[in-house]
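This report refers to the structure that appears directly beneath it.
Protein chains: 2
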Amino acid sequence: MAKVNHWRRITIREVAHEAGVSVQTVSRVLNGHPDVAEKTRARVQSVVTRLRYRPSGIARSLAAQSTQMLGVVASGFQLFGPAQLLAGIERQATELGWHLMLQIVDPAAPADYDRVASNLISQNVAGVIWAYPELTGERERAFHQQIEPHLPVIFLSMQAQPGSAVISVDNRHGAWLAVQHLVGCGYRRIGIITGPMALWSAQQRRLGWQDALAAAHLPRHSRQVVEGDWSAESGHAGLLRLIAQFPSLDAVFASNDQMALGALKAAERVGRRVPDTLAVVGFDDIPESAFFRPALTTVHHDLMDLGRLAVRELHRVIHARREGRTTTATSLMLQPRLVVRESA
Amino acid sequence: MAKVNHWRRITIREVAHEAGVSVQTVSRVLNGHPDVAEKTRARVQSVVTRLRYRPSGIARSLAAQSTQMLGVVASGFQLFGPAQLLAGIERQATELGWHLMLQIVDPAAPADYDRVASNLISQNVAGVIWAYPELTGERERAFHQQIEPHLPVIFLSMQAQPGSAVISVDNRHGAWLAVQHLVGCGYRRIGIITGPMALWSAQQRRLGWQDALAAAHLPRHSRQVVEGDWSAESGHAGLLRLIAQFPSLDAVFASNDQMALGALKAAERVGRRVPDTLAVVGFDDIPESAFFRPALTTVHHDLMDLGRLAVRELHRVIHARREGRTTTATSLMLQPRLVVRESA
DNA sequence: TGGTACACTGTGAGCGTTACCGGGATTTTA
DNA sequence: TAAAATCCCGGTAACGCTCACAGTGTACCA
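Protein sequence lines correspond, in order, to chains E and W. Residues in the first sequence are numbered from 1 upward in steps of one, following our numbering. Residues in the second sequence are numbered from 1001 upward in steps of one, following our numbering.
Next comes the structure, spelled out in structure tokens:
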């Protein structure tokens, strides 16, 4: 009895032998290449299924000098936005036959850009989706120098870079929509709880808030601004701080829905009724926000779509390069829309 | 000027040549093998960094007949539980030097177990973490036959299988804690909004509810049960249905926090005050649940830890096998705890 | 009837790395 | 002082596959 514990892989050679053809012919059948007789093809196919043969992706990649793997650099999947993004990326990738190599960068310890680049190169990924929202200074340089010259890269939700493809949501416009709505409802003293200001998306949402105030000729003061970290906790603390330093506040734009939830809770605590004595709007339109009390008015954007688009674009560029054509990846900006519910 | 567009990889051969040693010696240095003079080692190292040489993981895997890749089969990362799990898996994996090959199975179209198995085999993963919560009937057989005999597998949050390692949270006990607390508070007509009953975790939580009712000698009727799908939406609809079919309801156990949120909203709609005329408890303790109105009493469990444990265990088993030892992976069940807040 | 085109198949050389074995130089042991 | 052990290092053969090229046989045309 052979030992079962370690399992010998079935190789293309055995399939070839069993089917009475050469290895090359089997390879041709496997990859759908032309120039193989229908009868032979059928015979090989039947042997393949009978032997449950699975070609080694590794050997294939080595020989062909190209992989079926896409690198994805992201900050995690615990926040709603990134999770949606990754879900879209994942689906489109598997639909198109790509595997994913996920590289999570810890925002707290961002010293391992080098490790990320190393991994991507050593696994020989065919392209990279940079879904990590921050890319500045030395890190940027390191990455750009190591990766971008050699590989197609699509950036997600980032500041537009000259010469790079960036696909993102128009955060600024979305925030503008939200605050514009508050203005339209008659609110005049509108505060903001921002996201981490190191992030581009947080900066953009703040700018949208600014734009809307300016358009309505409303005064703006730093006491109206408070920084959060996307968590409900920070939204709660944020609103308390905001009210303390700017008591005449009559509305607040929370830069995401979780913070809006925290703000709602804080409003209750200080005896403000929403939307009567304080209006709240959020951003993201997470599925739960319709069930907040009151139901949250917020900004909807389709991050899953964004992820899908990124993969499709990368796919296009990779294939173009493989066929020798030179295409530049195109940038794109998706428009969000306002969802009016009860909180404003 | 050479064409920059396509980039030639630096190989071990070039490093060897540059350092004036053989390829084999470079390989030894790279892998930290013994039998290389300190002086030589240093020289090789310096050439490696100077040339920015990155060994090809692919070639390495082919030659060594083993990869640094773990397969993870999951249902996605948009729900809180799975996302936490995957976050834990990801962190522990990178800390231990493993790469991940994520295989998302769409619960709606589960016909592609075969594709998943194929991918795992063809990429030659060293082990598998099965974090997909359902594994029944024919699919189970297919997977077990194709993967388990050859590869170490750890199952997560599943029914204990004879002979397989399962790491999970004691959902039944957690639900028992929650409902027990309701009973202790004097509630007597306790309903449940379950998760999708195809899932083991949902079944377990329902059993815990049953246990607690039985222990308190409370009657139990099918009108007290309603099935949800983990979404806030379904929690909302669920509570409305529950009240319609069982009007004397005075408390409800929602099998996760999102559904609890929906239930809270529905309670408001039908004029029930929580917790006075209706108590609500949830499960999961998502970060937002402390900011629900009222703050949610719920069951806390550490899924991230669970993921980390799974990776560590798999790591252990893989290394044992490589060294020829035979270890069986051990099963484990983590205990959740009750977090009492305002809603009950 | 010869030549040419075409359809099909096989051969050999890699892809970049590690495992196995063997050999020379140096040290240790009896 | 001879023999054995040890330390370094290199050559060669895989690993499983694809690519470029070189065939072989058959059909077609003039």
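All residues carry an ideal CB built from backbone N, CA and C; glycine is no exception. Predicted, not measured: the structure shown is a model, and the values here were computed from it.
Cα-Cα separation, residue i to residue j
i, j, result
"ASP1285(W)", "HIS173(E)", "34 Å"
"HIS1300(W)", "LEU1338(W)", "6 Å"
"ILE89(E)", "TRP1098(W)", "22 Å"
"HIS236(E)", "GLU227(E)", "11 Å"
"LEU1249(W)", "LEU1242(W)", "8 Å"
"LEU1030(W)", "TYR113(E)", "21 Å"
"VAL72(E)", "SER1066(W)", "23 Å"
"GLU1095(W)", "ALA1310(W)", "13 Å"
"PRO1055(W)", "SER1168(W)", "38 Å"
"LYS3(E)", "ILE10(E)", "Residue placement at LYS3(E) is poorly supported in this model, since its pLDDT is 34, which falls under 50; the coordinates still yield a value, given next. Going from the Cα of LYS3(E) to the Cα of ILE10(E) covers about 16 Å."
"LEU207(E)", "ALA175(E)", "8 Å"
"SER157(E)", "GLN335(E)", "13 Å"
"LEU151(E)", "THR330(E)", "15 Å"
"LEU1199(W)", "PHE1080(W)", "15 Å"
"GLN78(E)", "GLY1076(W)", "12 Å"
"VAL1034(W)", "ARG1028(W)", "Position check: residue 1034(W) holds Pro in this sequence, whereas Val was assumed. PRO1034(W) and ARG1028(W): Cα-Cα distance of roughly 7 Å."
"SER201(E)", "PRO133(E)", "8 Å"
"VAL26(E)", "VAL44(E)", "6 Å"
"VAL340(E)", "MET1197(W)", "34 Å"
"THR1049(W)", "GLN161(E)", "29 Å"
"GLN210(E)", "PRO107(E)", "27 Å"
"ALA1266(W)", "GLU1233(W)", "10 Å"
Three-state secondary structure assigned by DSSP to residue i
i, result
"VAL1047(W)", "helix"
"SER56(E)", "coil"
"MET1304(W)", "helix"
"SER168(E)", "strand"
"TRP98(E)", "coil"
"ALA1108(W)", "coil"
"LYS1003(W)", "The predicted position of LYS1003(W) is uncertain, since its pLDDT is 35 and thus under 50; a value taken from the coordinates is nonetheless stated next. The answer is coil: DSSP assigns LYS1003(W) none of H, G, I, E or B."
"THR328(E)", "coil"
"LEU156(E)", "strand"
"LEU309(E)", "helix"
"TRP230(E)", "coil"
"THR40(E)", "helix"
"GLY71(E)", "strand"
"LEU1079(W)", "coil"
"LEU1334(W)", "strand"
"THR25(E)", "helix"
"GLN123(E)", "coil"
"PHE1143(W)", "helix"
"VAL340(E)", "coil"
Within chain E, partners of residue i - CB distance below 9 Å
i, result
"GLU1090(W)", "GLY76, PHE77, LEU102, ILE104"
Where residue i meets chain E, residues with beta-carbon distance less than 7 Å
i, result
"GLY1262(W)", "PHE291"
Contact list for residue i against chain W, beta-carbon separation under 7 Å
i, result
"GLU288(E)", "ALA1232, GLN1258, LEU1261"
"LEU86(E)", "PHE1077"
Under 9 Å from the C-beta of residue i: neighbouring residues of chain W
i, result
"HIS345(E)", "Any question about residue 345(E) goes unanswered here, given that chain E covers just 1 to 344."
"ASN31(E)", "The contacting residues do not exist; ASN31(E) stays about 14 Å from chain W at best."
Nearest-angstrom Cβ-Cβ length linking residue i and residue j, presumed shorter than 8 Å
i, j, result
"VAL1261(W)", "PHE291(E)", "Residue identity differs from the one stated: residue 1261(W) is Leu in this sequence, not Val. Right, the Cβ-Cβ distance comes to about 5 Å (below 8 Å), so this counts as a contact."
"ALA279(E)", "TYR187(E)", "5 Å"
"GLY1127(W)", "VAL1153(W)", "7 Å"
"ALA93(E)", "LEU120(E)", "No, ALA93(E) and LEU120(E) are not in contact; Cβ-Cβ is about 15 Å, not under 8 Å."
"ALA165(E)", "GLN146(E)", "Between GLN146(E) and ALA165(E) the Cβ distance is about 18 Å, and since that is not below 8 Å, they are no contact."
"LEU51(E)", "VAL15(E)", "6 Å"
"ILE190(E)", "LEU182(E)", "5 Å"
"GLY307(E)", "LEU86(E)", "7 Å"
"GLN224(E)", "ASN171(E)", "Actually they are not in contact, since the Cβ atoms of GLN224(E) and ASN171(E) sit about 19 Å apart, beyond 8 Å."
"VAL274(E)", "PRO294(E)", "6 Å"
"VAL1252(W)", "ILE1192(W)", "7 Å"
Partner residues on chain E for residue i, Cβ-Cβ distance less than 8 Å
i, result
"ILE1121(W)", "ARG54"
"SER1027(W)", "Per Cβ cutoff of 8 Å: no residues; SER1027(W) is ~15 Å from chain E at best."
"ALA1059(W)", "LEU62"
"ALA1083(W)", "PHE77, GLN78, ALA83"
Cross-chain neighbours of residue i in chain W, by beta carbon under 8 Å
i, result
"ALA236(E)", "In the sequence on display, residue 236(E) carries His and not Ala. Simply PHE1291."
Contact set between the segment 98-117 of chain E and chain W, restricted to residues whose Cβ is under 7 Å from the partner: HIS99, LEU100, MET101, LEU102, ILE104
Within 8 Å of chain W by C-beta, residues of the segment 248-272 of chain E in sequence order: GLN258, LEU261, GLY262, LEU264, LYS265, GLU268
Against chain W: residues of the segment 35-53 of chain E by CB proximity under 7 Å: none
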